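Working notes, structure below.
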Amino acid sequence: MDERNRPDPVQWAADAGADLYDVATWEERTRLDALSRSMYGGLVAGGRALVIGVALLIIVGQIALIGTALQRDPVISAYILGSIVPALIIALYVWRTDVTRAQPLRPLVVTFLLGVLFASFAAVANSVLAGPFAAYGVVGMGLFFYLVVAPVEEAVKLLAVRMYSYRQASFAAVIDGAVYGAVAGLGFATIENALYIAQQYVEIASLGNQPPLILTLQTAAVRTFAGPGHVIYSAIAGYYLGLAKFNPEDGGPIVVKGLLVAAFVHGTYNLLASNLGAFLQALAPFVAVPSAVGFVVFVLVFDSVVLLALVAKLRRYERAFQKYGGADFYADGPESGPE
């Protein structure tokens with residue numbers, strides 16, 4: 001027997017009908033029990049509300065910046081929407097690979113919004129901690145990517161899933177974790193792209209000596225290639241969150257494994273992308289590769305490799321679902337839907 005699941009000795013030895021309330025077992029009986037349960041529920045709900053409230057306070061300034069850019073030129077909205085199209089396509093693909101029941105709209109929307117909201121935590125952490133690492137040059141920034149940027153961003157995206165959709169009845173299969181993870185990544189990519197694009201526009205427009213829309217379009221183009229990674233990485237971490245939900249005895253290590261994988265891939269992308277210019281310069285004596293072309297090729301190759309790994313995992317689940325008759329589970333099973 002697993003040591004973690006062993007019963008108390010009194011529980012094990014007592015007869016099935018023995019009353020062990022408040023001795024070795026517990027259930028709600030008294031008013032104090034009811035009060036304790038209510039207080040616990042209030043503390044949990046209050047903790048969630050506090051996290052959301054802090055995130056809202058942080059994101060207010062970010063929304064104001066985006067609003068300023070949109071007010072000056074509504075074309076910026078087209079830049080933002082266009083920049084998330086590739087990420088949206090990948091999220092839709094992950095959603096389509098779910099061979100179990102389709103997810104209801106509500107938890108998908110809530111997860112997307114929480115992905116947008118919790119991105120503010122990552123923005124603060126990255127801003128506060130970048131300085132000490134930057135002082136150590138390339139090595140310091142490499143450590144910054146692996147120890148701060150990647151794990152923090154993957155953690156807040158996973159938090160967006162854990163906060164709401166994880167607790168819903170619609171999260172009814174391991175693969176659902178990948179779907180909600182992808183949606184959280186889409187939310188994160190949306191607000192991140194919007195901030196980069198809006199900030200670039202406002203800064204250039206304030207100078208007044210260069211065409212802001214043209215230069216901002218370049219930023220939007222770069223962000224178009226940056227967004228898909230967020231969806232892919234958080235879909236990987238989300239899959240492991242789903243695996244943890246249905247293997248609660250090892251849930252903690254499973255979640256950590258998913259975060260480690262996603263953060264390592266994410267950190268590697270950041271490290272390679274940040275040093276791509278130096279690599280292209282080293283190639284210049286042999287072959288001249290424009291920086292824009294080099295960046296596009298790098299992102300397409302890197303994201304394709306990681307996406308193929310994700311697809312292989314999702315298809316492995318699909319094959320197991322078909323092989324073992326997973327569809328029969330829904331023949332007489334409970335309806336899936338939000339609680």
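The numbering of the sequence shown is UniProt numbering, which starts it at 1 and goes up by one. For every residue, glycine included, the Cβ atom is placed at its ideal position computed from N, Cα and C. Keep in mind the model is a prediction, meaning the values are calculated, not measured.
If you draw a straight line from the Cα of residue 142 to the Cα of residue 214, it comes to about 32 Å. Looking at the DSSP output, residue 25 bridges to 21. Judged by beta-carbon spacing, residue 114 lies beyond the 8 Å limit of residue 59, meaning their Cβ atoms are not closer than that value. Under the three-state reduction of DSSP output, residue 171 falls in the coil class, being neither helix nor strand. When DSSP states are grouped into helix, strand and coil, residue 324 belongs to the coil group.
In the three-state reduction of the DSSP assignment, residue 275 falls in the coil class, being assigned neither a helical nor a strand state.
Secondary structure at residue 200: helix, using DSSP grouped into helix, strand and coil.
By a beta-carbon distance limit of 8 Å, residue 235 contacts residue 185. Their separation comes to about 7 Å. By the CB criterion at 8 Å, residue 190 and residue 84 fall inside the cutoff.
In this structure, DSSP gives residue 93 a helical state, which the three-state scheme calls helix. Pairing residue 44 with residue 211, the inter-Cα distance amounts to about 50 Å.
About 13 Å separates the beta carbon of residue 79 from that of residue 204, a gap too long to meet the 8 Å contact definition. It is roughly 53 Å from the alpha-carbon of residue 93 to the alpha-carbon of residue 14. Between residue 265 and residue 41, the alpha-carbon positions lie close to 37 Å from each other. Residue 25 is positioned such that its CB atom lies closer than 8 Å to that of residue 11. Collapsing the DSSP output to three states places residue 106 in a helix.
For residue 166, there is no enclosing alpha helix (DSSP H), as DSSP marks it with neither H nor E. Shown here for residue 283: same chain residues with a beta carbon closer than 7 Å to its own, the five before and five after excluded, namely 289 in chain order. Of the residues assessed, residue 223 falls on the buried side of the cut-off, its CB having 16 or more other CB atoms within 10 angstroms. Under the three-state reduction of DSSP output, residue 270 falls in the helix class. The continuous alpha helix (DSSP H) containing residue 137 extends over residues 137–144. Here the stretch 134–150 makes no contact with the stretch 285–300; the two share fewer than three CB pairs at distances below 8 Å. Apart from the 5 residues on each side of it in sequence, residue 228 sits with its Cβ closer than 6 Å to the Cβ of 86, 87, 90 and 303 in its chain, given in chain order. Straight-line measurement puts the Cα of residue 253 at about 27 Å from the Cα of residue 46. The Cβ atoms of residue 232 and residue 296 do not sit closer than 8 Å to each other. The three-state reading of DSSP puts residue 119 in helix, counting H, G and I together. Around the beta carbon of residue 245, 16 or more other beta carbons lie within 10 angstroms, which makes this residue buried. The beta carbons of residue 177 and residue 137 sit about 38 Å from each other, so the pair does not count as a contact at 8 Å.
DSSP, read as helix, strand or coil, puts residue 62 in helix. Two segments are said to touch when three or more pairs of C-beta atoms, one from each, lie closer than 8 Å; by this definition the stretch 256–274 touches the stretch 149–159.
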